[in-house]
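Asker: Protein chains in written order, with our numbering: chain W, 9 to 360; chain Y, 308 to 643.
Ideal Cβ positions, reconstructed from N, Cα and C, are used throughout, including at glycine.
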Amino acid sequence: MDISKLSMHVNVEDFLPATEEEKEYMVQMRPSTTFFRDGLKRLSKNKVAMVSFFIILLITLSAIFVPMFWPYKYESMLGMQPGKPVDASFNNLRPFEYSSTEQARIEAGESVFPHVFGTDSSGRDYFIRVIYGTRISLAVGFFASIIVLVIGLLVGSVSGYCGGRVDIIIMRIVDIIYSLPDMLMVILLASVMKVTLGPAIDGTPLAKIGSNIISLFIIFALLYWVSMSRLVRGQILSLREQEYVLAAQAAGAKGSWIIRKHLIPNCISVIVISTALQIPSAIFTESYLSFLGLGVNAPMPSLGSLASDALNGLNSYPYRLIIPAIVISLIVLSLNLFGDGLRDAFDPKLNS
Amino acid sequence: MSSNTPNEVNKNAQPLIEVKGLKQYFQINTGFFRSIPLKAVDDISFSIREGETLGLVGESGCGKTTAGRSILHLYTPTAGEVIYRGKPIITAKDIAEFRTKATMVFQDPYSSLDPRMTVADIIGEPLDVHHMYKSQEERRQRILELMDHVGLNSEHAARYAHEFSGGQRQRVGIARALAVNPDFIVCDEPVSALDVSIQAQVINMFEELQDKLGLTYLFIAHDLLVVRHISDRIAVMYLGRMVELADAKEIYERPLHPYSKALISAVPVPDPVTARANKRIALTGEIPSPLHAPSGCPFRTRCPYAQPVCAESMPPFREVEKGRFVACHRVEEINS
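#1: So is H270/W in contact with chain Y if we call contact Cβ pairs under 8 Å?
#2: Rounded to the nearest angstrom, how far is the Cβ of P75/W from that of Y140/W, given a contact under 8 Å?
#3: Check whether the segment 531-547 of chain Y and the segment 498-517 of chain Y touch, using three or more Cβ-Cβ pairs below 8 Å as the test.
#4: Would you say K330/Y and G387/Y are within 8 Å of each other, going by their C-beta atoms?
#5: For K519/Y and G362/Y, what's the separation of their Cα atoms in angstroms?
#6: Since E294/W contacts L224/W with CB under 8 Å, what's their CB separation in whole angstroms?
#7: Note down, in chain order, every chain W residue with its Cβ under 7 Å from the Cβ of S419/Y.
#8: Along chain W, in chain order, which residues have C-beta atoms closer than 7 Å to that of A403/Y?
#9: Could you have a look at L231/W and say whether DSSP puts it in helix, strand or coil?
#10: Going along chain W in order, which residues have a C-beta closer than 8 Å to the C-beta of D415/Y?
#11: Alpha carbon to alpha carbon, what distance is there between L101/W and V340/W?
#12: Only counting the same chain, and skipping five residues up and downstream in sequence, which positions put a Cβ closer than 7 Å to that of G263/W?
#13: By the 10 Å Cβ neighbour count, where 16 or more other Cβ atoms means buried, how is A618/Y classified, buried or exposed?
#14: For I510/Y and I537/Y, which I take to be in contact (beta-carbon distance under 8 Å), what is that distance rounded to the nearest angstrom?
#15: Can you tell me where the beta strand (DSSP E) holding K336/Y begins and where it ends?
#16: Rounded to whole angstroms, what is the Cα-Cα separation between F354/W and G164/W?
#17: According to DSSP, is D502/Y part of a helix, a strand, or is it coil?
#18: What are the uninterrupted segments assigned as alpha helix (DSSP H) that are 4 or more residues long and contained completely in the segment 556-589 of chain Y, given in chain order?
#19: Evaluate L188/W with the Cβ neighbour count: other Cβ atoms within 10 Å of its Cβ, from every protein chain shown; 16 or more gives buried, anything less gives exposed.
#20: From C652/Y to V156/W, what distance separates their C-alpha atoms?
#21: Assign T591/Y to one of three DSSP states: helix, strand, or coil.
#22: Under 8 Å, do L205/W and I222/W count as touching if we go by C-beta distance?
#23: Taking Cβ-Cβ distances shorter than 7 Å, what residues in chain W pair up with V436/Y?
#24: Between the Cα of S377/Y and those of D350/Y, T360/Y, G365/Y and F471/Y, spot the shortest distance and give me the residue it belongs to.
#25: What do you reckon, are the CB atoms on A290/W and H270/W nearer than 8 Å?
#26: Measure the C-alpha to C-alpha separation of R478/Y and R446/Y and round it to an integer number of angstroms.
#27: Thinking C-alpha only, which one of G301/W, I276/W, S246/W and G347/W is nearest A284/W?
#28: What whole-angstrom Cβ distance do A482/Y and L459/Y have, given they're in contact under 8 Å?
#29: Enumerate in chain order the residues of its own chain whose CB-to-CB distance from H564/Y is below 6 Å, with the five nearest sequence positions on each side excluded.
#30: I need the straight-line Cα distance from D317/W to S237/W, nearest angstrom please.
#31: Kindly say whether C635/Y, judged by its beta-carbon, lies nearer than 8 Å to any beta-carbon of chain W.
#32: Does the CB of N274/W have a neighbour CB from chain Y at under 8 Å?
#33: Which same chain residues end up closer than 8 Å to G218/W when comparing Cβ atoms and leaving out the 5 residues on each side of it in sequence?
#34: Keeping to the same chain, check which residues put their C-beta closer than 6 Å to that of L197/W; ignore five residues upstream and five downstream.
#35: Please identify the residue among P577/Y, R356/Y and K327/Y whose C-alpha is closest to the C-alpha of I541/Y.
#36: Figure out for me which residue from Y417/Y, R548/Y, G370/Y and M544/Y has the closest Cα to the Cα of S472/Y.
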């Protein structure tokens with residue numbers, strides 16, 4: 009037995025100085041990530057936010073692509089064939105029910121595409137109407153939020169950064185808009201614009217969108233930017249006192265540069281979350297305006313107008329109210345949850 | 308008072324920066340539609356020669372930082388002028404040009420770096436603002452060169468400020484100040500937020516950079532030992548006014564103004580025997596509010612030598628010895 013194995017003496021030859029290569033091996037450098045990639049990584053770990061994101065994605069994609077291959081049109085009344093008497097058996101079908109003519113065709117061996125959600129009282133396929141309604145509601149939600157975001161961001165950042173008299177004037181205007189009763193203003197504007205905007209856009213490509221939708225956007229542009237601008241102003245007021253803003257000024261940067269490069273990137277998380285929450289509120293507004301008959305032009309459906317129409321046959325066909333209501337709830341809930349997830353992932357204060 | 312600017316201190320070196328009668332007042336609202344001026348900096352004049360380091364000391368709230376910022380025109384001065392290489396800085400164009408020659412290092416290495424920008428972007432920002440490069444490659448090269456100057460690893464370029472320690476962050480701030488190739492840097496308490504061991508590294512780096520790049524510093528600090536180490540001359544401020552300006556060595560060995568005496572006596576001495584032998588001059592009373600500064604000499608409320616004359620008129624900032632400026636009526640009597 010080799011006695012040296014038990015010895016406490018240290019063999020010097022076992023301790024050679026490390027070569028450069030070995031030293032290099034010991035240095036651990038974390039690959040640097042961008043702020044955006046960091047945020048995405050955190051977001052992808054948040055299960056609730058990811059599920060919400062996929063629900064939004066699914067609803068959006070189906071709203072865009074389903075009408076392209078669905079055999080029925082949202083505005084076509086199936087019982088009305090040119091040159092034939094009105095076939096009332098198409099009206100008010102229950103889910104997966106067929107009209108008498110379709111029944112006959114199936115018996116003859118033809119395949120007929122089912123009415124997944126049945127048909128409405130005019131014999132229009134209800135599924136495609138819900139899909140179209142979703143399309144309209146989502147479009148209104150997204151575009152209205154973008155309008156609100158752009159105006160609010162612009163006004164809020166100028167007001168917050170300039171301060172002084174500019175700030176006072178802008179904030180008093182905001183106060184005035186705030187003090188007007190929202191609902192009343194929306195209804196008044198919507199009914200006035202319905203009259204004035206209709207003839208003005210006749211014949212232009214805008215006519216296809218419908219005067220009511222455009223007036224909806226204008227209403228959002230006029231009324232709903234105020235809370236966003238207040239939020240942005242508050243953020244910028246506190247951020248502009250930071251020393252890095254002074255450092256940028258010392259470097260010779262102008263106001264617009266500082267707002268773009270320093271102030272807005274630093275309050276982006278607040279902006280993102282409030283935009284994400286603005287979308288459902290816009291969808292709600294659109295829904296209640298449609299519900300009151302001030303929304304989209306018939307026969308164009310929206311989720312609100314579908315719910316409104318369903319009130320007539322509530323006892324016999326409750327699912328006609330329930331289906332659009334569920335879709336609205338799903339959109340609003342998942343947008344809210346996704347917005348929360350975004351905030352958690354991109355808020356620098358939670359980073360450490 | 309502007310005739311007293313001490314640019315005669317050394318006639319062979321051209322003054323790089325001259326400050327004449329600089330005043331910086333802030334309007335403080337005291338009630339509805341009523342405001343009174345807060346005299347943060349009140350009529351200071353001095354000049355800094357090329358390649359020199361002027362230390363600016365004084366207690367908290369005496370207007371050191373404000374003075375530094377007004378000189379760089381980060382605030383619009385209420386009165387007085389700043390002259391750079393013989394040319395007064397007046398118009399917006401002058402200021403824009405001055406920004407490429409005079410930069411600033413900030414006190415707080417945490418809040419002075421944008422948390423959303425990478426180190427490369429922070430250092431490159433002055434280059435971007437002044438369009439000082441022709442290609443992205445040139446910009447990258449310049450940034451890496453600057454990082455090398457301040458002892459940062461090039462691998463750090465793509466990282467965010469929060470991934471660094473205080474000392475490294477301050478190095479980033481210094482690299483940013485160096486980006487435009489300035490002549491003059493206002494260092495606003497650049498080491499007071501750092502650990503003592505890191506302070507020494509950063510101070511030594513300031514000195515190396517001065518030798519290498521021929522920089523001129525206005526070094527603002529409240530740590531007297533740090534200022535003594537780095538400065539050629541030292542200016543002492545009290546309540547927005549300059550009370551003494553002298554060579555660094557002189558002012559430590561033989562302060563003339565009563566406030567400087569008290570300040571210097573408070574510097575800790577590492578040798579206990581000397582420390583015990585030194586008598587510390589303890590000032591009584593609080594520093595008066597700059598909103599309601601005392602009449603005459605601002606220091607008279609706490610000055611052990613105060614006489615009725617001190618309350619009557621403001622003592623002029625006069626040259627009592629060659630290159631030595633003191634604002635005190637009784638400086639000769641006190642020091643004789």
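Answerer: The short version:
#1: As a position in the first sequence, residue 270/W is number 262, starting the count at 1. Closer than 8 Å: yes.
#2: Within the first sequence, the letter at position 67 stands for residue 75/W. Within the first sequence, the letter at position 132 stands for residue 140/W. Going by Cβ atoms, the distance from P75/W to Y140/W rounds to 7 Å, so yes, they are a contact pair.
#3: Verdict: yes, contact present.
#4: Here residue 330/Y is taken as the residue at index 23 of the second sequence, counted from 1. Here residue 387/Y is taken as the residue at index 80 of the second sequence, counted from 1. Against a cut-off of 8 Å, the Cβ pair of G387/Y and K330/Y comes out as a contact.
#5: Your numbering for residue 519/Y matches position 212 in the second sequence. Your numbering for residue 362/Y matches position 55 in the second sequence. Taking the straight line from one Cα to the other gives about 20 Å.
#6: The residue given as residue 294/W occupies position 286 in the first sequence. The residue given as residue 224/W occupies position 216 in the first sequence. Right, the Cβ-Cβ distance comes to about 6 Å (below 8 Å), so this counts as a contact.
#7: To locate residue 419/Y, count along the second sequence from 1; it is residue 112. Per Cβ cutoff of 7 Å: E251, Y252 and A255.
#8: Position 96 of the second sequence, counted from the start, is the residue given in the question as residue 403/Y. Within chain W, the residues whose beta carbon sits less than 7 Å from that of A403/Y are G260, listed in sequence order.
#9: Reading the first sequence from its first residue, position 223 is the one you call residue 231/W. Of the three classes helix, strand and coil, the one that applies to L231/W here is helix, per DSSP.
#10: As a working note, residue 415/Y is residue 108 in the second sequence. Going along chain W in sequence order, the residues near D415/Y (Cβ under 8 Å) are E251.
#11: What you label residue 340/W is simply residue 332 of the first sequence in a count that begins at 1. What you label residue 101/W is simply residue 93 of the first sequence in a count that begins at 1. About 29 Å.
#12: As a first step, residue 263/W must be located in the first sequence, where it is residue number 255. For G263/W, where only same-chain residues beyond five positions count, the Cβ hits under 7 Å are Y169.
#13: On the second sequence, residue 618/Y is found 311 positions in, with the first residue counted as 1. The residue in question, A618/Y, is exposed, as its Cβ has fewer than 16 Cβ neighbours within 10 Å.
#14: For the purposes of this step, residue 510/Y is taken as the residue at position 203 of the second sequence. For the purposes of this step, residue 537/Y is taken as the residue at position 230 of the second sequence. Their Cβ separation, rounded to whole angstroms, is 6 Å, which keeps I510/Y and I537/Y in contact under 8 Å.
#15: For the purposes of this step, residue 336/Y is taken as the residue at position 29 of the second sequence. First, the residue type needs correcting, since residue 336/Y is Asn and not Lys in the sequence shown. Note, N336/Y: beta strand (DSSP E), P322 to G338.
#16: For the purposes of this step, residue 354/W is identified with residue 346 of the first sequence, where counting begins at 1. For the purposes of this step, residue 164/W is identified with residue 156 of the first sequence, where counting begins at 1. Distance between the alpha carbons of F354/W and G164/W is about 21 Å.
#17: Numbered from 1 along the second sequence, position 195 holds the residue referred to as residue 502/Y. The three-state reading of DSSP puts D502/Y in coil, since its state is none of H, G, I, E or B.
#18: The segment 556-589 of chain Y contains these whole alpha helix (DSSP H) runs: 565-572 and 579-584.
#19: Position 180 of the first sequence holds residue 188/W. Of the other Cβ atoms in all chains shown, fewer than 16 fall within 10 Å of the Cβ of L188/W; this residue is therefore exposed.
#20: Limits of chain Y in this structure are 308 at one end and 643 at the other, which puts residue 652/Y out of reach.
#21: In the second sequence, the residue the question calls residue 591/Y occupies position 284. It is coil, neither helix nor strand.
#22: Residue numbering aside, residue 205/W sits at position 197 when the first sequence is read from its first letter. Residue numbering aside, residue 222/W sits at position 214 when the first sequence is read from its first letter. For L205/W and I222/W, yes; Cβs fall inside 8 Å.
#23: Position 129 of the second sequence, counting from 1, holds the residue named residue 436/Y. Residues of chain W passing the Cβ test: A259, G260, A261 and W265.
#24: In the second sequence, the residue the question calls residue 377/Y occupies position 70. Selection D350/Y, T360/Y, G365/Y and F471/Y evaluated against S377/Y yields D350/Y as nearest (Cα-Cα).
#25: In the first sequence, residue 290/W corresponds to position 282, counting from 1. In the first sequence, residue 270/W corresponds to position 262, counting from 1. Contact: no.
#26: For the purposes of this step, residue 478/Y is identified with residue 171 of the second sequence, where counting begins at 1. For the purposes of this step, residue 446/Y is identified with residue 139 of the second sequence, where counting begins at 1. Distance between the alpha carbons of R478/Y and R446/Y: 19 Å.
#27: Along the first sequence, read from residue 1 onward, the residue named residue 284/W stands at position 276. Minimum Cα distance to A284/W is reached at G347/W.
#28: On the second sequence, position 175 is the one that residue 482/Y refers to. On the second sequence, position 152 is the one that residue 459/Y refers to. Correct: roughly 7 Å between the Cβ atoms.
#29: Along the second sequence, read from residue 1 onward, the residue named residue 564/Y stands at position 257. Correct list, in chain order: V550, E551, V633 and C635.
#30: Position 309 of the first sequence, counted from the first residue, corresponds to residue 317/W. Position 229 of the first sequence, counted from the first residue, corresponds to residue 237/W. Straight-line Cα distance between these residues: approximately 36 Å.
#31: Counting from 1 along the second sequence, the entry for residue 635/Y is found at position 328. Answer no: the Cβ-Cβ gap between C635/Y and chain W never drops below 8 Å.
#32: Position 266 of the first sequence, counted from the start, is the residue given in the question as residue 274/W. Chain Y, which has a Cβ nearer than 8 Å to the Cβ of N274/W, makes this yes.
#33: Walking along the first sequence from the start, residue 218/W turns up at place 210. Cβ within range, chain order: V304, N305 and M308.
#34: Looking up residue 197/W in the first sequence gives position 189. Contacts found: I227.
#35: Residue mapping note: residue 541/Y aligns to position 234 of the second sequence, counting from 1. Taking the Cα of I541/Y as reference, the smallest distance to any Cα among P577/Y, R356/Y and K327/Y is reached at R356/Y.
#36: Reading the second sequence from its first residue, position 165 is the one you call residue 472/Y. Of Y417/Y, R548/Y, G370/Y and M544/Y, the residue nearest in Cα terms is Y417/Y.
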